[in-house]
Ligand SMILES: C[S@@+](CC[C@H](N)C(=O)[O-])C[C@H]1O[C@@H](n2cnc3c(N)ncnc32)[C@H](O)[C@@H]1O
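In structure tokens:
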């Protein structure tokens, strides 16, 4: 049968990206691949499936999440022709915003050095041994892979951008033995907590993109178990005042921005939403070393959206990101 006539879930099954047991155990989660109409009707689905279908096979089971790169497959496991083919195919899934990955020796040098945020974050994560983690807005799964290093029962990533889910599926082609990580094509708001709830939720890089922050916080809370932990990472306003970005306007060149909250205002929101033990554990300015144009994201990046004094091109103070830890009551 023409591979493109097969629905994406059958395709994932045919490619053996997970074991039969995993498909059975998480059947209701895998159904999201078929239920999400936006994903299923995406105009590029055929193109992306073709790319996945052409990926060379490596029989290396090597994985290492401990360094800056998520490493999948031994460097020597592909010959030079296959490596070149792999690089070209992965480049066709650009832009790669999050990474870096090293896949069988191919260095995916993404726009973001996501390892910088991981370094700021990792010492504040609770013990998640044998617990379930939800990574909302997980992009291609860089942090979800990192979390596997902490020995959870399961990590479930969710992202509403179909391309990033395909990037994950491309990496998963080289990590078929991993059963504890699923990345699903849906928004946090669409995920039904009846399917599963979580001991730890990460919401990183989402809040400033939402038009309705209260709705996002409600969705976050609904997905959490009682006493569960939240890691909320977002851009904050360095003054006490929130910055509201009007429809059609940009912030550091980014469209689709709602409100950039002041730190104390965000703490108040968390309190009002039913969280306690709230702490802001890190604040850091984003630099053009952490976020930059590369071969894997050839568009404009942070430095193109900053003035010489470090303010954004719109005249707002330098981009500052904060990490909050909180517990659901
Ligand atoms: C700025 S990136 C952050 C990625 C990653 N979490 C990080 O911290 O680097 C935002 C990602 O969240 C996704 N996204 C935005 N809103 C979302 C939502 N409500 N539910 C799920 N994904 C969302 C976008 O598609 C994008 O991949």
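Residue numbers (our numbering): 14 to 342. No residue lacks a Cβ here, since even glycine has one placed at the ideal position from N, Cα and C. Just so it is clear, the structure is predicted and the values come from calculations on it, not from any experiment.
Following the DSSP letters along the chain, one finds residue 216 inside the beta strand (DSSP E) bounded by residues 211–217. The beta-carbon distance between residue 150 and residue 217, rounded to whole angstroms, is 7 Å. This is short enough to meet the 8 Å contact definition. For residue 184, the distance from the CB to the nearest heavy atom of ligand 1 is not below 8 Å. At a Cβ-Cβ threshold of 9 Å, residue 280 and residue 270 do not count as neighbours. Separation of the CB atoms of residue 69 and residue 309 is rounded to 19 Å, and the pair is thereby denied contact status at 8 Å.
With contacts defined by Cβ atoms closer than 9 Å, residue 110 and residue 152 form a contacting pair.
Cβ neighbours of residue 221 within its own chain (closer than 6 Å, five residues either side excluded): 247, 248, 270, 273. DSSP places residue 226 in the helix class (H, G or I) of the three-state scheme. Across the set 224, 338, 192, the C-alpha of 192 shows the shortest separation from the C-alpha of residue 37.
Along the length of the segment 122–199, whole alpha helix (DSSP H) runs at least 4 residues long occupy 127–134, 155–161, 175–185, reported in chain order. Taking the Cα of residue 144 as reference, the smallest distance to any Cα among 237, 219, 101, 65 is reached at 237. Annotation for residue 279: the continuous alpha helix (DSSP H) segment containing it runs 276–285.
When the alpha-carbon of residue 204 is set against those of 187, 157, 147, the nearest one is in 147. In the three-state reduction of the DSSP assignment, residue 115 falls in the strand class, which pools E and B. Just so you know, the alpha carbons of residue 250 and residue 342 end up roughly 27 Å apart. The residues 47, in chain order, have a CB closer than 7 Å to that of residue 20 in the same chain once the five nearest residues on each side in sequence are set aside.
Between residue 276 and the set 105, 61, 336, the nearest pair of CA atoms involves 336. Excluding residues up to 5 positions away in sequence, 163, 165, 213 lie with their Cβ nearer than 6 Å to the Cβ of residue 141 in the same chain. Rounded to whole angstroms, the Cβ separation of residue 30 and residue 64 is 15 Å, and the two are not in contact under 8 Å. Two segments are said to touch when three or more pairs of C-beta atoms, one from each, lie closer than 8 Å; by this definition the segment 292–312 touches the segment 121–131.
In this structure, residue 161 keeps its C-beta atom at 9 Å or more from the C-beta atom of residue 169. For ligand 1, no non-hydrogen atom lies closer than 8 Å to the CB of residue 243.
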